[in-house]
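Everything below concerns the one structure shown next.
2 protein chains.
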Amino acid sequence: MVTIYDIAKLAGCSPATVSKAFNNYSSVKDSTYKKIMEVSESLSYTPNTNARALTTKKTWLIGVIFSEDTGAGITHPHFGEILQNFKMRAAEYGYDVLFVSKHIGNKEASYLEHCKYRGLEGVLLAMDRNHADEIQNVLSSDVKCVSVEDIYPNTHTVIADYRMGTMQALEYLYLLGHRKIAHVACPLTSVAGRERYGAYLEFLNSKGIEFNPKYIIETDAFAPEEGSKAAVKLLQQCWDDLPTAIFMAYDDIAFSAISTIQSQGFRVPEDISVVGFDNLKVSGYMSPALTTVHQDRATIGQKAADKLIQLIENKPMEDALEVRIPTKLIVRNSCTRV
Amino acid sequence: MVTIYDIAKLAGCSPATVSKAFNNYSSVKDSTYKKIMEVSESLSYTPNTNARALTTKKTWLIGVIFSEDTGAGITHPHFGEILQNFKMRAAEYGYDVLFVSKHIGNKEASYLEHCKYRGLEGVLLAMDRNHADEIQNVLSSDVKCVSVEDIYPNTHTVIADYRMGTMQALEYLYLLGHRKIAHVACPLTSVAGRERYGAYLEFLNSKGIEFNPKYIIETDAFAPEEGSKAAVKLLQQCWDDLPTAIFMAYDDIAFSAISTIQSQGFRVPEDISVVGFDNLKVSGYMSPALTTVHQDRATIGQKAADKLIQLIENKPMEDALEVRIPTKLIVRNSCTRV
DNA sequence: CTGAAAGCGCTAACAC
DNA sequence: GTGTTAGCGCTTTCAG
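Listed in order, the protein sequences are those of chains A and B.
Here this note's numbering = 1-based position in the first sequence + 6.
Here this note's numbering = 1-based position in the second sequence + 6.
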């Protein structure tokens, strides 16, 4: 391994000067700076973070804690895309991103212990409420946190504007003449579940549409098959008075619901219109192509990185504690006029 | 920050002994071990990796280099799931996983420089051929590599058995009586593209089916919309002699192809059967539910971790340089008898 | 503008 | 069994 000492020797200066050169101290004379860089280049020197971090206490390391449930976390394109954008933005600032595990060597450890072990300066959180206890101590520690999934008291959050998205979807259906609009909700333990359902209620109210409890299905989990189950249940419980449209809380269940609805002999959108939420990549390539609410995952990831780094570097924070990213309705072919 | 010295003082021993205790040296007396652990616990001490790595040269850090193209890399559920399983397995061994970026501080850097900068002991590669040059120098450096995407000379690889999967799909179609089987291929610059196409050819040959060049479409990129384009082209160029089945090289394009085929007035599977490859989570929830080849991403990720860690730790390696994970045909509703 | 020296937290001989 | 000591590669006063 080539060190600062090797460079110093060949460049005819002291290690201290080499260090200064690499840290862009203005005091280093131009000519010696050049010399040092030349030598470094020729030996293909790379500074050693571990040594650097040991003295400076700055690791340039950010952790991510994502749900490890199958079908969630990075396994799901929604979070994958957020993470992708997060880490790309973090890299621009010079931060590296690592997965926070629950192991230190062969021992189990808490997330917080792992953060301290690696000297993480901050973490990105994407854990649902079910795992809230595992991250409780990191939330109340001094590692900076930003969440892109759940909302925790006093914790910075970047998520899509679920209320806005819901309104866009429902207003559209309303415009097409729909008044009997069902809603298949995410588990109401989740922010997405509560907010989308809340906005649905608010919408009905604002339009003077009477709430029909038969038009509501709350799913038990986040999983595509929940859509089929919900569709069956819905069709069953309002056979005599079918909704003309369904607002599905997210695309995965919209796909399976459509499939089930069709297999029961109904046409989408002719008999029942369907709107989703998420705008996954595949949503545009189903039949019918899914009309859905787009979540701007690129912005969510980038903004989360910006925020976290502002926190880490104690920069003035202009954003609110809770940042909401606007949504957009993507109109395709799964809805039609009544 | 609480250090080994703080513990030593309170436990009434030397820092060296504390270090030994934490590294499970058998020479440490039981009673002093207990004492040390007690004190550590009460101060909630966590060892500092940076300091540790500085002396031991062991960072317990593994990097991942994934394509950053949209729709690829961790953004795609295929790689997301592989990465998820990889990092979980690595964690069990005590290794942490970080994303290798092309930045060091505010400067651009090569992947290799970044590996050295962080002292990465190995890397997981998931880059397509288009970016091969960016990782060339890490492949020929001394950092251990395992690839889960492309195949490089002399480099360990873990990927699904594409030939096997293709054969399973085609045998199934054959069994259903199909003889006119089209193939929409991935770009032939990719391993997936070449191998699946190669196996298709091999299959035709083994069954004595004459090769019909009109039944072949090579797509230009990995992207869902390629499926629609291919379907249009295919239908156009063999209007007079349509295939009864299509083997789509991966699920994303199978979805869009089906959608396009349907919108052109044909029924799937009644008029045209379709098989995919990947078995993405959503594949089971389309209409028709997609018959496809399952890639065992959990095993791929785990095996890649096992391999990489064996390499890192210079453990004897029983596996071949190139490990193939068996595939499985998942029969659903997108194929029928001719 | 440059260098000497101390020290970050830990490990690894080696002595006791 | 335990402690002393040197040193990993770098940064940072402080002198010059």
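Virtual Cβ for every residue (Gly too), placed ideally from N, Cα, C.
These figures come from a predicted structure and were not determined experimentally.
Task: Test: T81/A CB closer than 9 Å to a CB of chain B - done: If you number the first sequence from 1, residue 81/A lands on position 75. T81/A counts as touching chain B.
- [ ] Spell out whether any CB of chain A is found under 9 Å from the CB atom of T52/B.
- [x] Along the second sequence, read from residue 1 onward, the residue named residue 52/B stands at position 46. Yes, contact with chain A.
- [ ] Would you grab the beta carbon distance between V274/A and P249/A for me? Rounded to a whole angstrom, and I think it's under 8 Å.
- [x] The count along the first sequence starts at 1 and reaches residue 274/A at position 268. The count along the first sequence starts at 1 and reaches residue 249/A at position 243. Rounded, the Cβ-Cβ distance is 12 Å, inconsistent with contact.
TODO: Over the uninterrupted beta strand (DSSP E) stretch that includes T298/A, give me the two end residues.
DONE: Within the first sequence, the letter at position 292 stands for residue 298/A. Note, T298/A: beta strand (DSSP E), 297-300.
TODO: Find the nearest neighbour of Y206/A within the set P21/A, Q174/A, N29/A, F105/A, judged by alpha-carbon distance.
DONE: Here residue 206/A refers to the residue found at position 200 of the first sequence. Checked all of P21/A, Q174/A, N29/A, F105/A; the closest Cα to Y206/A is Q174/A.
Open item on the list: On the criterion of 16 or more Cβ atoms from any shown chain inside 10 Å, does G86/A qualify as buried, or is it exposed?
Closed with: By one-based count along the first sequence, residue 86/A stands at place 80. The residue is buried, with at least 16 neighbouring Cβ atoms inside 10 Å.
- [ ] Only counting runs of 3 or more residues, tell me where the beta strand (DSSP E) segments fall wholly within the region 212-254 of chain A, in order along the chain.
- [x] 222-224, 251-254
TODO: Could you tell me which chain A residues have their CB closer than 7 Å to the CB of R124/B, listed as they occur along the chain?
DONE: If you number the second sequence from 1, residue 124/B lands on position 118. Near R124/B (Cβ distances below 7 Å), the residues of chain A are T55, D102.
Task: Stretch pair the region 125-134 of chain B + the region 63-77 of chain B: three plus CB contacts closer than 8 Å - done: yes
Task: Minimum C-alpha distance to M94/B - residue among A310/B, P322/B, E324/B - done: As a working mapping, residue 94/B is identified with position 88 in the second sequence. Comparing Cα-Cα distances from M94/B to each of A310/B, P322/B, E324/B, the minimum goes to A310/B.
Task: Three-state secondary structure assigned by DSSP to D36/A - done: The residue labelled residue 36/A in the question sits at position 30 within the first sequence. In this structure, D36/A counts as helix in the three-state DSSP scheme.
Task: Chain-order list of residues whose beta-carbon lies under 8 Å from that of G18/A (same chain, five-residue window excluded) - done: Here residue 18/A refers to the residue found at position 12 of the first sequence. Contacts found: K41.
Open item on the list: I'd like the list of long-range same chain contacts for E114/A, defined as Cβ closer than 8 Å, with 5 residues on each side in sequence excluded.
Closed with: Counting from one through the first sequence, the residue named residue 114/A turns up at place 108. Within the same chain, E114/A has close Cβ partners K108.
Task: alpha helix (DSSP H) segment containing I71/A, residue limits - done: Along the first sequence, read from residue 1 onward, the residue named residue 71/A stands at position 65. No alpha helix (DSSP H) contains I71/A, which is instead part of the beta strand (DSSP E) from 67-72.
Open item on the list: What does the Cβ neighbour count give for I49/A, buried or exposed, with the cut at 16 atoms within 10 Å?
Closed with: To locate residue 49/A, count along the first sequence from 1; it is residue 43. Note that residue 49/A is Leu in the sequence shown, not Ile. With fewer than 16 Cβ atoms within 10 Å of its Cβ, L49/A is classed as exposed.
TODO: Flag G171/B as yes if its beta-carbon sits less than 9 Å from any beta-carbon of chain A, otherwise no.
DONE: Along the second sequence, read from residue 1 onward, the residue named residue 171/B stands at position 165. Cβ-Cβ to chain A under 9 Å: no for G171/B.
TODO: Have a look at G233/A and K334/B and give me their C-alpha separation to the nearest angstrom.
DONE: Taking the first sequence and counting its residues from 1, one reaches residue 233/A at position 227. Taking the second sequence and counting its residues from 1, one reaches residue 334/B at position 328. If I take the Cα positions, the gap works out to 26 Å.
- [ ] Could you please give me the residues that DSSP links to D284/A through a beta bridge?
- [x] Counted from its first residue, the first sequence places residue 284/A at position 278. Paired residue(s): H300/A.
TODO: Would you kindly work out how many angstroms separate the C-alpha atoms of T266/B and L179/B, rounded to a whole number?
DONE: Sequence index remark: in the second sequence, residue 266/B carries index 260 (1-based). Sequence index remark: in the second sequence, residue 179/B carries index 173 (1-based). Distance between the alpha carbons of T266/B and L179/B: 21 Å.
- [ ] Please confirm if the region 116-123 of chain B is in contact with the region 187-201 of chain B, defined as three or more CB-CB distances below 8 Å between the two stretches.
- [x] no
Task: 8 Å CB neighbourhood of T61/B in its chain, flanking five on each side removed - done: Numbered from 1 along the second sequence, position 55 holds the residue referred to as residue 61/B. The answer is none, since no qualifying residue turns up.
- [ ] Given a cut-off of 9 Å, decide if A260/A and L296/A are closer than it, judged by their beta-carbon atoms.
- [x] For this step, residue 296/A is matched to residue 290 along the first sequence. For this step, residue 260/A is matched to residue 254 along the first sequence. Yes, they are a contact pair.
- [ ] Return the CA-CA distance between Y203/B and V129/B, expressed in angstroms with no decimal places.
- [x] Here residue 203/B refers to the residue found at position 197 of the second sequence. Here residue 129/B refers to the residue found at position 123 of the second sequence. Answer to the nearest angstrom: the Cα atoms are 29 Å apart.
TODO: Let me know the beta strand (DSSP E) ranges lying completely inside the region 73-135 of chain A, each 3 residues or longer, listed in chain order.
DONE: 102-105, 128-132
TODO: Could you check what DSSP says for H162/B in three-state terms: helix, strand or coil?
DONE: If you number the second sequence from 1, residue 162/B lands on position 156. H162/B falls in the strand class under three-state DSSP.
Open item on the list: If the criterion is Cβ atoms closer than 9 Å, does the pair A298/B and V281/B meet it?
Closed with: The residue labelled residue 298/B in the question sits at position 292 within the second sequence. The residue labelled residue 281/B in the question sits at position 275 within the second sequence. Note on residue identity: the sequence assigns Thr, not Ala, to residue 298/B. Closer than 9 Å, so yes.
Open item on the list: If you reduce the DSSP assignment to three classes, tell me which class R185/B lands in.
Closed with: Your numbering for residue 185/B matches position 179 in the second sequence. Three-state result, R185/B: coil.
TODO: Kindly indicate which residue of A263/A, K287/A, S289/A has the alpha-carbon position closest to the one of I278/A.
DONE: Residue 278/A sits at position 272 when you count from the first residue of the first sequence. The shortest C-alpha separation from I278/A is found at A263/A.
Task: R169/B, DSSP secondary structure in three states - done: Position 163 of the second sequence holds residue 169/B. Of the three classes helix, strand and coil, the one that applies to R169/B here is helix, per DSSP.
Open item on the list: Does any residue of chain B have a CB that is nearer than 9 Å to the CB of E74/A?
Closed with: Counted from its first residue, the first sequence places residue 74/A at position 68. It does: the Cβ of E74/A has a partner Cβ on chain B nearer than 9 Å.
Task: Identity of the residue in E216/A, R303/A, G214/A, V238/A nearest I223/A by Cα - done: Here residue 223/A corresponds to residue number 217 of the first sequence, with the count starting at 1. Nearest option by C-alpha distance: V238/A.
TODO: Indicate the three-state DSSP secondary structure (helix, strand or coil) for I331/A in the structure shown.
DONE: To locate residue 331/A, count along the first sequence from 1; it is residue 325. Here I331/A sits in strand by DSSP.
Task: Test item: CB-CB of R330/B and D148/B under 9 Å - done: For this step, residue 330/B is matched to residue 324 along the second sequence. For this step, residue 148/B is matched to residue 142 along the second sequence. It is not a contact, given that the beta carbons lie outside the stated cut-off.
TODO: In the DSSP assignment, find the unbroken beta strand (DSSP E) run with V144/A in it and report its ends.
DONE: Position 138 of the first sequence, counting from 1, holds the residue named residue 144/A. No beta strand (DSSP E) contains V144/A, which is instead part of the alpha helix (DSSP H) from 138-145.
Open item on the list: Give me the subset of the region 131-160 of chain B whose CB atoms are less than 8 Å from a CB atom of chain A, sorted by chain position.
Closed with: none
Open item on the list: Quick check on DSSP: helix, strand or coil for K26/A?
Closed with: Numbered from 1 along the first sequence, position 20 holds the residue referred to as residue 26/A. Note: K26/A maps to helix in three-state DSSP.
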